[in-house]
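Chemist: When the letters of the sequence shown are read in order and numbered with our numbering, they come out as residues 108 to 175. By construction, the Cβ of each residue, glycine as well, lies at the ideal position given by its N, Cα and C atoms. Values in this document were obtained by computation on a predicted structure and should not be read as measured data.
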Amino acid sequence: MRIKIEVGDTIRNPENGLVGILKKVEGSENYYVEGHHEYAGKWQTAGGSLRDYQKWDLMKKGDKESVN
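1) Is DSSP giving Y139 helix, strand or coil here?
2) Hey, is E141 close to the ligand NAP, as in C-beta under 7 Å from one of its heavy atoms?
3) Drop a sphere of 10 angstroms on the beta-carbon of W150, count the other beta-carbons inside from all chains shown, and report buried for 16 or more, exposed for fewer.
4) Would you identify the three-state DSSP class for D164, choosing helix, strand or coil?
5) Taking the alpha-carbon positions, what's the Y139 to A153 distance?
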């Protein structure tokens, strides 16, 4: 059983290996992942539903208190 991915969690895209933190667009039901790559620098996904990111691999649960 997969653990549910939530805002603030560190997740990895299984297709390209990029790792970032799941964030929510304020006032919206859209989510995105923001991270930093060693060579490419800061990156961000275009966004999508929370369901889209449930397919990613959970690397580390986020700190609930630092999410807001």
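Modeler: By the coordinates alone:
1) strand
2) No copy of the ligand NAP occurs in the structure displayed, which carries no ligand at all.
3) exposed
4) strand
5) 7 Å
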